[in-house]
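Which chain is which? The protein sequence lines are D and F, in order. Residue 243 is where the first sequence ends in our numbering, and the numbering goes up by one at each step. Residue 243 is where the second sequence ends in our numbering, and the numbering goes up by one at each step.
2 protein chains.
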Amino acid sequence: MPFDMDFVEIQAPALFMGSGPDAGVKIRYARGEEIFGEGEPAEYVYRVLSGAVRTYRILRDGRRQIDEFHFADGFFGLEAGTEHRTTAEAIADSTILVARRITVNDLAAQRGDVARELLKETMDGLQRRQDHVVLLGRKSACERVASLLLDLAVRSGNPRVLDVPMSRQDMADYLGLTIETVSRTLTQLQGDGVIEIMTARRIVLRNRAALEDMVE
Amino acid sequence: MPFDMDFVEIQAPALFMGSGPDAGVKIRYARGEEIFGEGEPAEYVYRVLSGAVRTYRILRDGRRQIDEFHFADGFFGLEAGTEHRTTAEAIADSTILVARRITVNDLAAQRGDVARELLKETMDGLQRRQDHVVLLGRKSACERVASLLLDLAVRSGNPRVLDVPMSRQDMADYLGLTIETVSRTLTQLQGDGVIEIMTARRIVLRNRAALEDMVE
DNA sequence: CGTTAGTTTGACCTAATTCAAATACTGTGG
DNA sequence: CCACAGTATTTGAATTAGGTCAAACTAACG
């Protein structure tokens, strides 16, 4: 389905993992659209060009845990095994660079710089999961929400006015909380003058230092 | 301190990341001994030969989150940046193979198989953190404890009688729980006939199927 | 065989969840 | 441009899983 040619725009001008010869295809996904599903063969690897993506796992009874949010330049879908272990969906309309896994593998085998970039990318992902583990294992609801807000800020160039691309449910499922707790926590942070909720998807960081004091 | 020569036993006969020329030194650490600390320069990478290691982070107020337990063959201490982001301590008396990070880097640059093994190892680590994230974000205390027991079983060749190398506090700090909750949960699992606690460090898995039903 | 650290158990408490309802947004078609 | 429908978010009240504090028990080690 991702390779329905209606969606293909142009051959990517850049090497998937860096600069060099072509090695990917741009595909557009609409808000909510699935990019790959858990259990599917992991034939392709992906990089966000624009938009936002969530990768998540679902437990038998429907509990969802979002593994990661991916924004511009974010790399996802590379697996150790042959199957995807998460489902990936576009959070907003997105353009994604898609490359055959084999192509990337071959390229890495031939070129040291590609292999190194692949390792770097994977290690960065590992680090982010380590931070996520600390957040989920040992932080309070307030600390979790503050961490996410700061992370979103950092990853979008530290604007004072934050564009929140995901829903409260997405935030909750990333933070290991319920939607109600996320909402209440944001309301409370606003009450404390730390943030200002313009709309649900637009939040002003009024007191960044206070947020930073909360995250650890 | 890790390179106090009193501790050095022999030159490792095997390549750090696989088979090949020498690239490591065996070092013994006593139970509780620190291998490296958070914030220290990450000059070396490590592989468990025997024993067990915990890597963890501490928040300002002392909350501890164990990132990972490392058993025989387990690889740890490789960082994306220049500093260790966790502290590593021996859980039991352990023998650790230690190699200069630069050596491993150089080796990976020269040899595709080493680069590939390094990537594989890192991707496996990433996968384990993803599982950990799901556990911490969305599983109940009982499911968490069951998951850990099964993980320990799998990682030690699926014996029916499990040797638990870590303390209840270690379990709690890995599972995002308190020591009391871990203890109560184990007692309850025993009451349900799923496990039998011989001693705190020796647990019989009486009904593996029941445990497996709990983990997801 | 006593000391001490680690573990278990008990009673109570609280942060976060659940269930329920009100409110506010967003996009669509008239 | 406005009204409406449907969805997302916020708020409220009651509940609970897991935490906290405290004490009893157990086992490992010198």
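We treat Cβ as the ideally placed atom computed from N, Cα and C, and that holds for glycine. These numbers come from a predicted model, not from an experiment.
Self-check item: Whole-angstrom distance between A199 of chain D and Q196 of chain F, CA atom to CA atom
Solution: Looking up residue 196 of chain F in the second sequence gives position 169. Looking up residue 199 of chain D in the first sequence gives position 172. Between Q196 of chain F and A199 of chain D, the C-alpha separation is close to 28 angstroms.
Quiz item: Using a beta-carbon distance cut-off of less than 8 angstroms, what residues from the segment 124–150 of chain D approach chain F?
Solution: A135, A136, G139, A142, R143, L145, L146, K147, T149, M150
Quiz prompt | One or two residues paired with T82 of chain D in a DSSP bridge | solution = In the first sequence, the residue the question calls residue 82 of chain D occupies position 55. For T82 of chain D, which the question treats as bridged, DSSP gives the partners D:E95, D:A115.
Quiz item: Which partner residues does Y71 of chain F have in the DSSP bridge list?
Solution: As a working note, residue 71 of chain F is residue 44 in the second sequence. Note: Y71 of chain F sits in a beta bridge opposite F:R127.
Quiz item: Does the pairing of the segment 162–173 of chain F with the segment 201–213 of chain F give three or more beta-carbon distances under 8 angstroms?
Solution: Three or more beta-carbon pairs separated by less than 8 angstroms link the segment 162–173 of chain F to the segment 201–213 of chain F, which places the two stretches in contact.
Self-check item: Alpha carbon of R229 of chain F to alpha carbon of R55 of chain F, nearest angstrom
Solution: Residue 229 of chain F sits at position 202 when you count from the first residue of the second sequence. Residue 55 of chain F sits at position 28 when you count from the first residue of the second sequence. So the two alpha carbons sit approximately 24 angstroms from each other.
Quiz item: Quick one: which chain D residues come within Cβ less than 7 angstroms of D94 of chain F?
Solution: Here residue 94 of chain F corresponds to residue number 67 of the second sequence, with the count starting at 1. Residues of chain D passing the Cβ test: Q157, V160.
Practice problem: Pull up the CB-CB distance for F63 of chain F and T109 of chain F, whole angstroms please, since I reckon it's below 8 angstroms. | Solution: Within the second sequence, the letter at position 36 stands for residue 63 of chain F. Within the second sequence, the letter at position 82 stands for residue 109 of chain F. About 13 angstroms separates the beta carbon of F63 of chain F from that of T109 of chain F, a gap too long to meet the 8 angstroms contact definition.
Quiz item: Excluding the five sequence neighbours on either side, which residues of its own chain have a C-beta within less than 7 angstroms of the C-beta of E70 of chain D, listed in chain order?
Solution: Here residue 70 of chain D refers to the residue found at position 43 of the first sequence. R127, R128, listed in sequence order.
Quiz item: chain D beta carbons: is any one of them nearer than 8 angstroms to that of Q154 of chain F?
Solution: One-based indexing of the second sequence puts residue 154 of chain F at position 127. It does: the Cβ of Q154 of chain F has a partner Cβ on chain D nearer than 8 angstroms.
Exercise. Note down the Cα distance separating I189 of chain F from L238 of chain F, rounded to an integer number of angstroms.
Key: Numbered from its first residue, the second sequence carries residue 189 of chain F at position 162. Numbered from its first residue, the second sequence carries residue 238 of chain F at position 211. Note that residue 189 of chain F is Leu in the sequence shown, not Ile. Going from the Cα of L189 of chain F to the Cα of L238 of chain F covers about 14 angstroms.
Quiz item: Between M28 of chain D and chain F, is there a C-beta pair that is closer than 8 angstroms?
Solution: Your numbering for residue 28 of chain D matches position 1 in the first sequence. With a pLDDT of only 42 at M28 of chain D, under 50, the local geometry of the prediction cannot be trusted, and the value read off the model is given with reservation. Closer than 8 angstroms: no.
Self-check item: Delimiting residues of the beta strand (DSSP E) encompassing D53 of chain D
Solution: For this step, residue 53 of chain D is matched to residue 26 along the first sequence. Correcting the residue type first, residue 53 of chain D is Lys in the shown sequence and not Asp. 52–56 is the span of the beta strand (DSSP E), which, as asked, contains K53 of chain D.
Quiz item: Within the 8 angstroms Cβ cut-off, does G203 of chain F reach chain D?
Solution: Start at 1 with the first residue of the second sequence, and residue 203 of chain F comes out as number 176. Taking Cβ atoms only, chain D reaches closer than 8 angstroms to G203 of chain F, which makes this a yes.
Practice problem: Tell me whether the beta-carbon of T106 of chain D lies closer than 8 angstroms to the beta-carbon of V80 of chain D. | Solution: Within the first sequence, residue 106 of chain D is the residue found at index 79, counting from 1. Within the first sequence, residue 80 of chain D is the residue found at index 53, counting from 1. Correcting the residue type first, residue 106 of chain D is Glu in the shown sequence and not Thr. No.
Quiz item: Listing by chain order, which chain D residues have their CB less than 8 angstroms from the CB of E70 of chain F?
Solution: To locate residue 70 of chain F, count along the second sequence from 1; it is residue 43. In chain order: nothing, as chain D lies at least about 16 angstroms away.
Quiz item: Leaving out the 5 sequence neighbours to the left and right, which residues in its chain are closer than 8 angstroms to D120 of chain F when beta-carbon positions are compared?
Solution: As a working note, residue 120 of chain F is residue 93 in the second sequence. Within the same chain, D120 of chain F has close Cβ partners R55, Y56, A57, R58, G78.
Quiz item: Which residues in chain F sit within 7 angstroms of L86 of chain D, going by Cβ to Cβ distance?
Solution: One-based indexing of the first sequence puts residue 86 of chain D at position 59. Within chain F, the residues near L86 of chain D are R165, E243.
Exercise. Scan the segment 209–237 of chain D for residues whose Cβ lies nearer than 7 angstroms to a Cβ of chain F and list them as they occur along the chain.
Key: Under the 7 angstroms Cβ criterion, the segment 209–237 of chain D contributes no residue.
Practice problem: Check S174 of chain F in the structure and name its three-state DSSP category. | Solution: As a position in the second sequence, residue 174 of chain F is number 147, starting the count at 1. Residue state, collapsed to three classes: helix.
Quiz item: Roughly how many angstroms separate the alpha carbons of K255 of chain F and L216 of chain D, rounded to a whole number?
Solution: This structure leaves residue 255 of chain F out entirely; chain F is present only between 28 and 243.
Exercise. Compute the Euclidean distance between the alpha carbons of Y73 of chain F and T226 of chain D, then round it to the nearest angstrom.
Key: In the second sequence, residue 73 of chain F corresponds to position 46, counting from 1. In the first sequence, residue 226 of chain D corresponds to position 199, counting from 1. Rounded to whole angstroms, Y73 of chain F to T226 of chain D spans 49 angstroms at the Cα level.
Quiz prompt | Length of the line joining the Cα atoms of V131 of chain F and G66 of chain F | solution = Here residue 131 of chain F refers to the residue found at position 104 when the second sequence is read from its first residue. Here residue 66 of chain F refers to the residue found at position 39 when the second sequence is read from its first residue. The straight-line gap from Cα to Cα measures roughly 21 angstroms.
Quiz item: Could you give the residue range of the alpha helix (DSSP H) that holds R165 of chain F?
Solution: Within the second sequence, the letter at position 138 stands for residue 165 of chain F. Unbroken alpha helix (DSSP H) run through R165 of chain F: 139–165.
Quiz item: the segment 106–117 of chain F: which residues have C-beta closer than 7 angstroms to a C-beta of chain D, in chain order?
Solution: A107, R112
Self-check item: Three-state secondary structure assigned by DSSP to T226 of chain F
Solution: Here residue 226 of chain F refers to the residue found at position 199 when the second sequence is read from its first residue. DSSP places T226 of chain F in strand when its eight states are reduced to three.
Quiz item: Is N234 of chain D near V221 of chain D, with beta carbons less than 8 angstroms apart?
Solution: Counting from one through the first sequence, the residue named residue 234 of chain D turns up at place 207. Counting from one through the first sequence, the residue named residue 221 of chain D turns up at place 194. The answer is yes: Cβ separation under 8 angstroms.
Exercise. Return the bridge partner residues of T122 of chain F from the DSSP annotation.
Key: Locating residue 122 of chain F in the second sequence gives position 95, where the first residue counts as 1. Paired residues: F:R55, F:S77.
Quiz item: Are the CB atoms of T212 of chain D and V172 of chain D nearer to each other than 8 angstroms?
Solution: Taking the first sequence and counting its residues from 1, the one referred to as residue 212 of chain D is at position 185. Taking the first sequence and counting its residues from 1, the one referred to as residue 172 of chain D is at position 145. Closer than 8 angstroms, so yes.
Quiz item: What does R81 of chain F touch in chain D if you count any residue whose Cβ is under 7 angstroms from its own?
Solution: To locate residue 81 of chain F, count along the second sequence from 1; it is residue 54. Correct list: empty, because the minimum Cβ distance to chain D is about 13 angstroms.
Quiz item: Grouping DSSP H, G and I as helix and E and B as strand, with all else coil, what is L134 of chain D?
Solution: By one-based count along the first sequence, residue 134 of chain D stands at place 107. In the structure shown, L134 of chain D sits in a helix (DSSP, three-state: H, G or I).
Quiz item: Taking buried to mean at least 16 other C-beta atoms within 10 Å of its own C-beta, is A236 of chain F buried or exposed?
Solution: On the second sequence, position 209 is the one that residue 236 of chain F refers to. Per the 10 Å Cβ criterion, exposed.
Practice problem: Could you tell me how far apart the beta carbons of Y13 of chain F and R91 of chain F are, in whole angstroms, since I believe they sit closer than 8 angstroms? | Solution: Here chain F has residues from 28 to 243 only, and residue 13 of chain F is not among them.
Quiz prompt | Backbone secondary structure at E65 of chain F - three-state DSSP | solution = Indexing the second sequence from 1 puts residue 65 of chain F at position 38. It is coil, neither helix nor strand.
Quiz item: Does DSSP classify V221 of chain D as helix, strand or coil?
Solution: Translated into positions along the first sequence, residue 221 of chain D becomes position 194. Coil.
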